[in-house]
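Encoded as structure tokens, the structure appears first; notes follow it.
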Amino acid sequence: MSDDDSASLTLHALVGGDQFFVDLVDRFYDDIASDPLLGPMYPDDTAGPRRRLAGFLIQYWGGSTQYSDERGHPRLRMRHTPFRIDEAASDAWLARMRYSLAQVTVPPEAEEAVWEHFVRSAEFLRNSD
Ligand code: HEM
């Protein structure tokens, strides 16, 4: 593989494709109902949320565009306005994601990039003090 090839490898390819994102999101949503802060925000049936978050991440990191084919432009800030996202909610979301990331197998450089994106996004999605 030339340097050019490795420079253009997407993170989606680096982690081995869709399965990493599906596994990560499955860990994240397993047992979310028991989270006192986040649980009430999500529907009892998390099949839709799982599909949307995994699809969004697959697309963001260079995989298929199925998410936008189904949902259009992500417009994540707008889509999160129904939920009160203050510091506590943002911290709870990130803590749950940190724990989920620790449970899946992922190259360290990919884990770091994914984690930094979650931290930035969670900050960006804050809509309440
Ligand atoms: C900061 C704390 C956050 C809270 C409390 C939160 C909460 C929620 C809730 C309650 C939903 C609705 C579930 C659904 O119907 O899909 C949702 C959807 C979603 N969230 Fe978050 N979220 C947070 C952060 C994030 C972050 C950091 C990302 C991305 C990196 C993200 C990406 C998404 C996506 C892609 C959807 C589905 C959007 C759609 O309707 O197509 N969220 N979130």
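Numbering-wise, the working numbering comes out as the position in the sequence shown, counting from 1, plus 372. Every residue gets a Cβ at the ideal spot worked out from N, C-alpha and C, and that includes glycine.
Hey, how far is the Cα of Arg-443 from the Cα of Pro-480? 31 angstroms
Just checking Phe-413 against the ligand HEM - is the residue's beta carbon closer than 7 angstroms to any of the ligand's heavy atoms? Note that residue 413 is Met in the sequence shown, not Phe. Checking the Cβ of Met-413 against the ligand HEM gives yes.
Mark Gly-435 as exposed unless 16 or more other C-beta atoms lie within 10 angstroms of its C-beta, in which case mark it buried. buried
Which class does Ser-493 belong to by DSSP, given the choice of helix, strand or coil? helix
Going by C-alpha to C-alpha distance, which of Ala-494, Arg-498, Glu-488, Ala-482 sits closest to Gly-389? Ala-482
Along the alpha helix (DSSP H) that carries Ser-436, what are the first and last residues, could you check? First-last for Ser-436: undefined, no H or E at that position.
Does the segment 440-454 touch the segment 402-411, meaning 3 or more C-beta pairs lie closer than 8 angstroms? no
Does the Cβ of Ala-474 have 16 or more other Cβ atoms within 10 Å, making it buried, or fewer, making it exposed? exposed
Under three-state DSSP, which class holds Val-394? helix
From Phe-455, Leu-409, Phe-392, residue whose alpha carbon lies closest to that of Ser-472: Phe-392
On the three-state DSSP scale, how would you describe Arg-424? helix
Given a cut-off of 8 angstroms, decide if Trp-433 and Thr-382 are closer than it, judged by their beta-carbon atoms. yes
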